[in-house]
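Take 130 as the starting number for the sequence shown in this note's numbering and just add one per residue.
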Amino acid sequence: MEKAQELLSQSWDLIITYGGRLVLAVLVLIIGLSIIKRMTNTFRKTMNKREVDASLVPFLSSLINAGLKVMLIISIAGMVGIEMTSFVAVLGAAGLAVGLALQGSLSNFAGGVLILILKPFRVGDFIEGAGVSGTVREIQIFYTFLTTPTGQEIMVPNGSLSNNSIVNYSYNSTRRLDMTFGIGYGDDIDKAKAILHEIAGAESRFLEDKGVTIFVEALADSSVNIRLRAWTNNGDYWDVLNGLNEKVKKAFDGAGVGIPFPQMDLHLVEDRTK
């Protein structure tokens, strides 16, 4: 009985000593997280109003949010009664252990910093890198979010992007269109080239100062390949590409120019040994 009473007395003393601090710490945590959320949203809105680079806004917002939360946790630890010297030492040791365990995440963070400093791409650019392609929707601390043409969302680690080749299709305002059309060996090459020149001349989205080039590219196994090269504004590229395929096919059909498919001639040799 005496031990039970002693334990009860000690528990009551602990509740009196630390209970109020714990309740206060929980309240500070809840209120603090709410304030941090509002501050982050306010910062994001302010940056957007000042027309700061759209690539920087989510990255800086995430960084500020994480930093404020760390400061909040340290403050709450002091309120509970944890000695800051010991807490900082434990936090440093834990940080070292976590850093070693999360080397990939640290690499992604460093990659994000490099992306924002070197700016190989911005939000809204269509890029290809780390084996995927899509339009950049957002650049965060550890990941870059891409949206594919089919509407899929891809989270690409910043470390992978910064350590691999990146193709930015939106970097330049103009883009060269390269298309190859195959005709049969029995068809008239000059006639096919004249049709392509006519179609290219009627395409208003081709840039006149860049010119149009049409030439025989190769004598392939099943076709004579004619290459068409022209320049368009970046935003018109896909529309011109898709529309031109249909126009050329209809024009070739109307003029009797064939577009061959892969084929192979088989020669049967009679076995005279029987």
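For every residue, glycine included, the Cβ atom is placed at its ideal position computed from N, Cα and C.
From residue i to residue j, what distance separates their C-alpha atoms?
i, j, result
"L357", "F255", "24 Å"
"K174", "K166", "12 Å"
"K339", "L306", "11 Å"
"T273", "E327", "44 Å"
"S289", "T361", "31 Å"
"S299", "A329", "24 Å"
"L156", "A206", "13 Å"
In this structure, does DSSP put residue i in helix, strand or coil?
i, result
"N292", "coil"
"Y272", "strand"
"F381", "helix"
"N301", "coil"
"A230", "Bear in mind that a pLDDT of 47 at A230, under 50, signals an unreliable position, so the number given afterwards is only what the model happens to contain. Helix, per DSSP."
"G315", "coil"
"V152", "helix"
"T264", "strand"
"D350", "coil"
Should residue i go down as buried or exposed, given a rule of 16 or more other Cβ atoms within 10 Å for buried?
i, result
"R304", "buried"
"F344", "exposed"
"E399", "exposed"
"S352", "buried"
"G383", "exposed"
"S291", "buried"
"F188", "buried"
With a Cβ-Cβ cutoff of 7 Å, do residue i and residue j count as a contact?
i, j, result
"I295", "G263", "no"
"F335", "A359", "yes"
"I318", "S191", "no"
"N301", "G258", "no"
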